[in-house]
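Peer 1: Take 51 as the starting number for the sequence shown in the numbering used here and just add one per residue.
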Amino acid sequence: MDSNTENNPWRSARLVYTAIDTDDEPFLTVMRADASSFVNMNPAPPLPGSKKDITSEIEYFRDSCLLAVKICLQPAAPSPDEASPNPIPIGKITLTGLSPRTSHHRNSSIGISILNTYQGQGYGSEAIRWVLRWAFMYGNLHRIEIGAFAWNEGAWKLYERLGFVKEGVKREHFFSAGRYWDAVDLGMLEGEWRRLYGSEVEKVGGSGWQNGESSSSNSKA
Ligand SMILES: CC(C)(COP(=O)(O)OP(=O)(O)OC[C@H]1O[C@@H](n2cnc3c(N)ncnc32)[C@H](O)[C@@H]1OP(=O)(O)O)[C@@H](O)C(=O)NCCC(=O)NCCS
């Protein structure tokens, strides 16, 4: 096992999670240009992104999120005479921030998007498992939510397979493509996560990050 990966809270089996900064504008612009992903994760009308939108997004990540990171492929280890290659960003994952007067509830919500060409390869599952571990083991959260538009059935069924419980459907909550759509709300409690992923928890302090996520490699949970 790569000793670099052991005990590293910013890595999982195949992925590394890096900060989102002002110099990430080009990457975020590429993400924003993926219209189908934008429509799948954003209740706003599908407006093409402006520079100001990207700047505001970076400010939101920095100022309002508990966690906001790029999901990156871990580069192959360089040979001794090569410079370390940079991780390749393929998506982003966020946890909403807790406001001062409601932080005692310990709730947060996941937002995730993977670049179109990298979808369907298990990276989303791996990143969600990673963020759940971060939330419960380091963020001291009690409950994590994730939502999806009803048309995005692949997404919310994936979340169910990862262990989220479908908690409700807001009927005709969103208007898009000429009609109203339901919104699907899912959640996972800390105790449920421990029951599902408990063997991984025991490894934290040892080599939990690597092992914990390896079960999601190439699997759909
Ligand atoms: C939803 C999403 C995060 C899942 O990540 P992923 O890396 O593609 O998912 P995984 O490879 O881990 O799992 C694949 C499963 O995701 C589901 N899925 C949902 N949307 C998908 C997409 N656009 N492409 C491929 N799989 C998708 C499928 O059910 C698939 O299961 P299957 O292979 O049995 O059909 C990702 O596809 C994505 O970013 N989509 C666009 C934005 C979006 O919908 N964000 C979520 C808003 S709630």
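No residue lacks a Cβ here, since even glycine has one placed at the ideal position from N, Cα and C. All figures in this text were calculated on a predicted structure; none of them were measured in a lab.
Buried or exposed for Lys-102, going by 16 or more other Cβ atoms inside 10 Å?
Peer 2: Classification of Lys-102: exposed, given that the 10 Å Cβ count is below 16.
Peer 1: Use the C-beta contact count for Leu-97: other C-beta atoms within 10 angstroms, 16 or more gives buried, fewer gives exposed.
Peer 2: exposed
Peer 1: In terms of alpha-carbon separation, which member of Tyr-209, Phe-111 and Leu-236 lies closest to Asp-71?
Peer 2: Phe-111
Peer 1: Kindly identify the DSSP beta-bridge partner or partners of Tyr-168.
Peer 2: None, per the DSSP bridge assignment.
Peer 1: Anyone know if the C-beta pair for Leu-145 and Leu-116 falls short of 9 Å?
Peer 2: Yes. Within cutoff.
Peer 1: Terminal residues of the continuous alpha helix (DSSP H) containing Glu-210?
Peer 2: 203-211
Peer 1: Whose CB is closer than 6 Å to a heavy atom of ligand 1? List the residues in chain order.
Peer 2: The set of residues whose C-beta lies within less than 6 Å of a heavy atom of ligand 1 reads, in chain order, Ser-87, Asn-90, Met-91, Ile-162, Ser-163, Ile-164, Gln-169, Gly-170, Gln-171, Gly-172, Tyr-173, Gly-174, Ser-175, Ala-198, Asn-202, Gly-204, Ala-205, Lys-207, Leu-208 and Lys-270.
Peer 1: What separation, rounded to the nearest whole angstrom, lies between the Cα atoms of Phe-214 and Pro-135?
Peer 2: 35 Å
Peer 1: Name the residue from Gln-171, Leu-191 and Pro-59 whose alpha carbon lies nearest to the alpha carbon of Ser-158.
Peer 2: Considering only alpha carbons, the answer is Leu-191.
Peer 1: Report yes or no: do the segment 221-237 and the segment 191-201 share at least 3 C-beta pairs separated by less than 8 Å?
Peer 2: As far as the Cβ criterion goes, the segment 221-237 touches the segment 191-201, which means the pair count is three or higher.
Peer 1: Helix, strand or coil, according to DSSP, for Thr-68 in the structure here?
Peer 2: strand
Peer 1: From the DSSP output, in three-state form, read off Asp-232 for me.
Peer 2: Under the three-state reduction of DSSP, Asp-232 is assigned to strand.
Peer 1: Could you tell me the distance, in whole angstroms, from the CA atom of Ser-266 to the CA atom of Arg-151?
Peer 2: Since pLDDT at Ser-266 reaches only 39, below the 50 mark, its modelled position is unreliable, and no value is offered.
Peer 1: Starting from Gly-218, trace the beta strand (DSSP E) in both directions and tell me its first and last residue.
Peer 2: Per DSSP, Gly-218 is one residue of the beta strand (DSSP E) stretching across 215-226.
Peer 1: Does DSSP classify Leu-182 as helix, strand or coil?
Peer 2: The three-state secondary structure of Leu-182, taken from DSSP, is helix.
Peer 1: For Ser-118, report the span of its beta strand (DSSP E) as first-last.
Peer 2: Per the sequence shown, the amino acid found at residue 118 is Ala instead of Ser. From DSSP, the beta strand (DSSP E) with Ala-118 extends over 115-123.
Peer 1: Inspect the beta-carbon positions of Ile-140 and Tyr-168 and report whether they are closer than 9 Å.
Peer 2: yes
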